[in-house]
Each structure stands twice: as structure tokens, then as C-alpha cells.
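First comes the structure, then the notes that go with it.
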Amino acid sequence: MDPSATSTRAAEELAAWIVAGLPWLGAALLLAVCAGVVGVWQLVRRTHDLERAARRLDALDELKSGLQRLTADREDLDLRRIEHALLEIRDGQKRLEDRLMRVVESGVGPAATAVVASSEATPAGLVERITTRLLAQGFERVQVITPREELPAGDEADGVVVVEAYRDGVLYKGRVEVRAGALLDVDMKPAYSAFP
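Right under this line is the structure:
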């Protein structure tokens, strides 16, 4: 056997294999190119999605700058000072309401005269004035415990009226002092403070 014939024969077999494998090699190359194109297309699509999300996040920067401007405009407001001022206004309003109720009930001034005249200084009128006073002080479900027969009646009546009322769901018991037909003092204490 001639070595040149063997190498020629090997070259022919190799050429036959290459010719036979060329369609398969072309198909594999085509699949690789298609996979590459699909991969590039997905990368481009993901990039576009990220750009859209980034554009939506740009609105956050605008919100942040607007919030900073708003905060800078409101820095001169002292919330504690405002809270204290509101509490003082509320306390002043309560004191004013209490004082007005005392003036009306004492019988001084035109408004008080009209109230006393309408109630005619009867026990029912006294119960109405006591209820009104306690409602103005923030109580609810007011009950007069003293029997009607024992209530002080008339313009010159003196006495003490026992009452019960609720405030913020807590039962309060107390007394209302009546002097010369006017409510002089209201003393209400929570019922739980009576126990040791």
C-alpha cells in the first residue's frame, strides 16, 4: 500500500464527510444566528421597558423638589406653638361659656331675665337649667337624683341638688349648689374616685 494512495483516500473520505455534513453545519449555524437574533431582540425589548420605568421614576424627582419647596415655605410654622395657641383658645372658650351660663343663671342682664321669667323658677325650670349647665360643661345623659318635691323652688330658694351625668363614657356623680334661685357651684367627680 502506497502511503500517498492512503492519504488520497483519507482526503476523499474527509471531503465526502464534509459535503455530507455541510447541510447540517448550515442548519446549526442558522439556528445559532436565530438564537442570537432572539437574544438581541429580548435585550432591546428589556432596555425599552427599563427606559419607560425610568421615565416614570422621573416624576418622583419632580415630587421631591415640590415637597422640598413646600417644606421650605412652611418652615416658619411652629406646630407646638400652634397647638398651645389652639389649647388656649379652647380653654378660653370654655371659661367664656361657663361665665355666660353663670350670668344667665344669676339673673343679671336682659338675657338672664328672659330665661328666669320663662322658667318661672319652678322645679322643672331648675332641672332644665341644671341640665343645660352640665351639657355646656361637656356632660351627657344628665339625671337629677334629688326628688322633685325636695328641689329648691322660687327666686329665693337655697339648697343642693344631687346629679349624675356621663362624660367620655365615665359616670360622674356630684351636686349643684343653688342659692337665691341661681346655680352657684357645680361639683362633679368621677364615680370611680369614690372608691379607695
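Its first residue numbered 86, the sequence shown is counted upward by one per residue in this note's numbering. Glycine is no exception: its CB is placed at the ideal position from the N, C-alpha and C atoms.
Consult DSSP for residue i and reduce its assignment to one of helix, strand or coil.
i	result
Arg159	coil
Ala120	helix
Ala197	For Ala197, the predicted model reports a pLDDT of 49, less than 50, meaning its position is unreliable and no value from the coordinates is stated.
My assumption, with CB atoms under 8 Å, is that residue i sits in contact with residue j. Please give the rounded CB distance.
i	j	result
Gly259	Val245	Their Cβ separation, rounded to whole angstroms, is 10 Å, which puts Gly259 and Val245 out of contact at 8 Å.
Arg218	Leu269	Wrong, their Cβ atoms sit about 11 Å apart, outside the cutoff.
Arg250	Leu211	Correcting the residue identity first, residue 250 is Ala in this sequence and not Arg. About 16 Å; that fails the 8 Å criterion.
Gly223	Arg180	Not quite, the Cβ-Cβ distance comes to about 13 Å (not below 8 Å), so this is no contact.
Near residue i, which residues of its chain fall below 6 Å by C-beta distance, leaving aside the five closest residues on each side in sequence?
i	result
Glu205	Its pLDDT being 47, under 50, Glu205 is placed unreliably in this model, and the coordinates cannot settle the point.
Val247	Ile230, Thr231 and Arg260
Pro275	Val255 and Tyr257
Pro208	Arg233, Leu236 and Ala238
Sorted by chain position, which residues of the same chain lie with C-beta nearer than 7 Å to residue i's C-beta, five sequence neighbours on each side aside?
i	result
Thr110	Before going further, note that residue 110 is Leu rather than Thr in the sequence given. Taken in chain order, the list of residues that qualify is empty.
Ala242	Val263 and Gly266
Arg165	none
Please work out which residues of its chain come closer than 8 Å, Cβ to Cβ, to residue i, disregarding the five sequence neighbours upstream and downstream, and give them in chain order.
i	result
Ala221	Glu182, Asp183 and Met186
Glu98	none
> Enumerated in chain order, which unbroken segments of the beta strand (DSSP E) with a length of 3 residues or greater are wholly contained in the stretch 202-264?
Replying inline: Correct list: 225-229, 244-252 and 255-264.
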